[in-house]
Structures are given as C-alpha cells and as structure tokens.
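Residue numbers (our numbering): 869 to 1421.
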Amino acid sequence: MQIERESMEFDVVIVGGGPAGLSAAIRLRQLAIANGMDEFTVCVLEKGSEFGAHTLSGAIMETRALDELIPDWKARGAPITVEAKEDRVYMLGSATRTTKLPGSIVPASMHNEGNYIVSLGNVVRWLAEQAEALEVMMFPGFAASEILYHEDGSVRGVQTGDMGIDAAGQPKGSFEPGYELLAKYTIFAEGCRGHLGKRLISRFHLDKDKDPQHYGIGLKELWEIDADKHEEGVIMHGTGWPLSETGSTGGWFLYFAEDNQVSFGLIVDLAYHNPHISPFDELQRLKLHPLIRPILEGGKRLSYGARAMTKGGLNSLPKFTFPGGVLVGDDAGFLNPAKLKGTHTSMKSGMLAAESVFEAIKAGRSGDEVVEYQSVFENSWLYEDAYQARNFAPAMHRMGQWMGGAFTFVEQNLFGGKMPLTINDTTPDYDTLDKAAQSYKPDYPKPDGKLTFDKLSSVFISNTNHAEDQPCHLRLTDPTVPIAVNLPLYAEPAQRYCPAGVYEVVQKEGEEPQFVINSQNCVHCKTCDIKDPAQNITWVTPEGGGGPNYPNM
C-alpha cells in the first residue's frame, strides 16, 4: 500500500524524551539563543503518552550534569529535594541472615553524599517544561518507527508510526499515516536497547571491536509506609540472597523518599545462567526477608514497573557517530554500573552531543559524521566517570558476587578506579543459559496480595495500556523456535524473565503446547529482546502513547 506522508523539517530531530534527549534539546536551544540563531529548530519525539510516562529508575541522582545545564535548577523548582543522608549496605546471607557492611569496606562509588533521592519520571517532566520554555517542539505520544536515509546512506531523519492499523496490518477507520521528520542531524536517545539504535549499531558496525553490551533487568515498586517507619533520606542497598541461591548476581535497593514513600526494587544481571529464574518472583520473595518485611508490611503498594538497563560500561560503549546522527544516553550505554547511576551520564552525553552537532550546523555542515562528539567525550569528565567504572560489571560476571565485590572494593577504594588492567566480558547475555534439566528450580511462594503479588495485578498498577487490534510489537523471526527449541532446552525462559506476563506456554489436554504472546501487557522493558537464547524476539515500537504510564516513578 502506497501511503502519502507529510514531512516536516528541523535543524535537529531528537528521538526519545528522557534525560539524555531533553538535555540535548535544552542545550541546543541554549546555544542557538546565545548565538543569535533564534530560528534554530529542535523537536523531540517521545513514544510515551506524556514526557516521563515511560521513565523508570530507582533513583539516586548525582546533579553534576544538571548543575552545568541549568545552574539555577533549585530556584526553578526542580523536583529534586530529598538529600541523601545515610548509606546502609547489607549482605543477605540467607532468607533470615543479614550482615550490615561497615562504611569503610563499601566501594567508594556507592557512597551518596551530595546526591538526591528523586522520582526520575518527575525530573523528566520538569526537564520537558524547561525545553518547552526554550521553544523546543515537543511531540509526546509519537513513536519513531523507522529510520530514513539519504541515497548516500546517511541518516535523513525518522518516520513516526502509523496510527489505526489492525492486527492484520490493514488500515482501520481511524487510520492516520505517520510523519516524516527530517533534519540536518538526528540524535537517538531512546534509552536502553533502543529499537532504532539497535539497527544503527548493526548497520554502521558501531560495536566493532567492542565487548558486547551487557544488561540488567530492574524491577521497582513504589510504597507508602507507616510514618513511624519512614526515614527520609536513608539509602539502603544490598546483595546476596535470594539471587545467591541460584548463583546469580545483582542487588536490591530501598530508598526513603518524601511523603512517607519508599522506592523498593531489585536489579538482576541478565548474564544469569539458571533458566528457571523469574526476576519478578525474586523481587516478591525478597520482601519476605526480615530486613525488608517490617519496613513494607502494613504499607500500601502504589505502583510497579520494570525496565532493562545497560551495565557493560566503557568496554561495551559503541562508536557514537555515523553519517547524519549520533547515539546518546542508554541508547549507547552510558550508565555507570559501579555507581548504579545513569542520569548524570545520560544528561552529559546529550549535552556533549548537542554541542558537537550545533557547532557542525553553525559551520554549515549537514548530514556528515560529527566525529567531534567522540573526541569531546574522551576529553570530558564523562569519560573519566566511565573509565573508573569499566571493570565493575565484568568483574561481577567473571568472578562472582564475593570475589567480584572484593575486587571492586580494591579497585574503587585503593586505586580510585584506575587499576592498571581492564577486564573484558565477551559472552553476550543471551548466550549464558544452562540447560533447564540440569538447573536448580527455585520454589517461589504463592503471593498473598498484601506484601507479595502476582504479575497481572502488578501490571495493572503500572497503568499499562495499548490500543486494541494493532499489530503485535513483539516479533518472532521463527514462530516455531519457542516450542521446538527453547521449551525442551530451557523450559522456555520467556515465561519467567518477562516481568509482565507477556509470554505463556499453554498446553491443553491432548494438544501440542502453544506459545502465546499477550502483547497488551508489555511494559516496554525489552528484556525479551536481550535475553531470548535464540535471539528470536525483536521488540519494535507499538502505536505511540501505548505502554505504561508511571506516576511518580
């Protein structure tokens, strides 16, 4: 079907309205105004129904990049008010045993003096207001579905997804064609495992000679607890049980925010080996531990969400530049795994990219490769931040929780992150699973509906919604693989690694098992795209505005 599309032209198009994309937009307009180029046009596309709707993080925020971008952020009313007051780090030795680690042996990268406990979604909403005040064109609810190229292969812009297509791919009565958004340069800021960023990395071989990117899945619940249990500004981190039971690595967090609310969550490294692991159920049983249970018990769960996060660090960073565009934020993988923070790094990457792109356009360039971005990164504090954390994830993956933790302490506290060696981790996360028949099967407790919950009730409070009767945005390259390959080898792990109950193996008596995809449940975490052992699942964007709508997350 030939579709006529309207097109709009801008100086810069930014795909993704998170911290990286909005910081790039703000910096571009700041530079334009300072240089008397008021007609310099910038637009930001955000697939969520509003800016911040899809933003999910712990989150502890280091304000270093924000201090540079908007120095008077406090006076402007930024929702960044809860100062970190105390760090508490624990090792959970079993389902009942707790060891609190003295501050002297906690890696320096995990100390949070001067940082803030925030709702990153609310920070993003505030950044969007700052961008709009600078006359950035803001397009929430519009998902970039395709990359547009010039004849010479350089990026020309993006196309937004068509609206009103039925599950069979045919236009409905509500059909609206997507737009072509064209630009001198396009900045891709989609977040972790961006579906367009993934294509760009492959097309331009941006990951050549790099370690594969590594990931974790982060699951978070927002709770309102009793006032007499609340300690505003306290930051709790921990590791060990329950993940240690299956030989997996990761850790949990519990942050005491404002208004008697706490953010509680678990991060599971997606390099795990045991196919029987269910990250969602690991989070639920973690709440039964005597350190966690008394804090949450009697409280009210307000929201739930999940998303993948990059953990590879410097060794896995791809080349950022290609003709006509750049990668920023978690589309490239700028999260600092040793600090467990990515907001300041994403923001700074967006700012550096904006400065490089602006100078190129100011000099009359359009559509070439802005190689300056790579060099300014290497001469910035962002590079230093990434360099100091480069061994954290590889050490954990290759040495395990105990030895990896000891190595990290030595490197961070004694060498300041500058130990004269670099550890590589060349096994991609999807290639780490052991066979199900030889793997330990955890016994997950039945949810009680008060402290522990099931996936579907959790998805409900994530406010996830997708327009009915639209094409499935979870694509199987070979529909036979889940049952013919993954089920006998790995007990089809998609049933468990998905934190939203999207994937099921359904078997009726006397019939062959069927692989069912409940795409309407998808919270856009993209874990399936990362962890599927056959690399048979591809996540693409659904209709704009679909997915979760996270409040105060």
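Glycine is no exception: its CB is placed at the ideal position from the N, C-alpha and C atoms.
Note that the structure is predicted; figures quoted are calculated from it, not measured.
Point to revise | 4 or more residues per run - each alpha helix (DSSP H) lying fully within the stretch 884–910 | key: If we require 4 residues or more, the alpha helix (DSSP H) runs fully inside the stretch 884–910 come out as 887–902.
Review point. Would N1404 be called buried (16 or more neighbouring beta carbons within 10 Å of its own) or exposed?
Key: The residue in question, N1404, is buried, as its Cβ has 16 or more Cβ neighbours within 10 Å.
**Study point:** Nearest-angstrom Cα separation, counted from G1412 out to G1192
**Key:** Cα atoms of G1192 and G1412: separation of roughly 24 Å, rounded to the nearest angstrom.
Check your understanding: If you follow the beta strand (DSSP E) that Y1017 is part of, which residue opens it and which one closes it?
Key -> Boundaries of the beta strand (DSSP E) around Y1017: 1012–1017.
Exercise for review: May I ask which residues mark the beginning and end of the beta strand (DSSP E) holding R1175?
Suggested key: Bounds of the beta strand (DSSP E) holding R1175 are 1168–1178.
Check your understanding: A888 and V1238 look like a contact to me (Cβ under 8 Å); what is the Cβ gap, rounded to whole Å?
Key -> A888 to V1238, Cβ: 16 Å. No contact.
Practice item. Figure out for me which residue from S1013, H1105, E1099 has the closest Cα to the Cα of M959. Key: M959 has its Cα closest to that of H1105, out of S1013, H1105, E1099.
Exercise for review: Assign T1348 to buried or exposed, taking buried as 16 or more other Cβ atoms, counted over all protein chains shown, within 10 Å of its Cβ.
Suggested key: A residue is called buried when at least 16 other Cβ atoms come within 10 angstroms of its Cβ; T1348 does not meet this threshold and is exposed.
Practice item. Starting from the C-beta of S962, find all residues in its chain whose C-beta is less than 7 Å away, skip the five residues before and the five after it, and write them out in chain order. Key: Hits under 7 Å: W1109.
Check your understanding: How about the stretch 1255–1265 and the stretch 938–950: do they share at least three Cβ pairs that are nearer than 8 Å?
Key -> Between the stretch 1255–1265 and the stretch 938–950, the count of Cβ pairs shorter than 8 Å is below three; the stretches do not touch.
Point to revise | Pair within 8 Å by beta-carbon distance, P1186 and I1069 | key: Yes, they are a contact pair.
Check your understanding: Nearest to A1057 by alpha carbon, out of S1214, L1134, L937, F1121?
Key -> With distances taken between Cα atoms, A1057 lies closest to S1214.
Check your understanding: For the alpha helix (DSSP H) that contains T1213, what are its first and last residues?
Key -> In the DSSP assignment, T1213 falls within the unbroken alpha helix (DSSP H) covering 1211–1230.
Check your understanding: Should the stretch 906–920 be regarded as contacting the stretch 971–981, the criterion being three or more beta carbon pairs within less than 8 Å?
Key -> No, they do not touch.
Review point. Is it right to say I871 is buried, meaning 16 or more other beta carbons lie within 10 angstroms of its own, or is it exposed?
Key: I871 is classed as exposed because its beta carbon has fewer than 16 other beta carbons within 10 Å across all chains shown.
Review point. Residue ranges of each beta strand (DSSP E) run of no fewer than 3 residues wholly in the stretch 1084–1166, ordered along the chain?
Key: Counting whole runs of 3 or more residues, the stretch 1084–1166 contains the beta strand (DSSP E) stretches 1102–1108, 1118–1124, 1129–1137.
Exercise for review: Apply the 10 Å Cβ neighbour rule to V991 and answer buried if 16 or more other Cβ atoms are within range, or exposed otherwise.
Suggested key: So V991 counts as buried.
Check your understanding: In whole angstroms, what separates the C-alpha of P970 from that of L1357?
Key -> In a straight line, the C-alpha of P970 is about 43 Å away from that of L1357.
Practice item. Would you give the residue range spanned by the beta strand (DSSP E) that W1407 belongs to? Key: In the DSSP assignment, W1407 falls within the unbroken beta strand (DSSP E) covering 1405–1407.
Practice item. Using only alpha-carbon positions, find the residue among R1153, Q1269, G1101 that is nearest to P1310. Key: R1153 is the residue among R1153, Q1269, G1101 whose C-alpha sits nearest the C-alpha of P1310.
Practice item. In the DSSP assignment, find the unbroken alpha helix (DSSP H) run with Q1363 in it and report its ends. Key: It spans 1362–1365 - the alpha helix (DSSP H) in which Q1363 sits, taken as one unbroken run.
Review point. From M1005, G1119, S1146, pick the residue whose C-alpha is nearest to that of I1135; which is it?
Key: From the listed residues M1005, G1119, S1146, the smallest Cα separation to I1135 is found for G1119.
**Study point:** Alpha carbon of K1097 to alpha carbon of I1163, nearest angstrom
**Key:** Each residue's Cα considered, the two are about 6 Å apart.
Exercise for review: Would you list the one or two residues that DSSP bridges to F1043?
Suggested key: None, per the DSSP bridge assignment.
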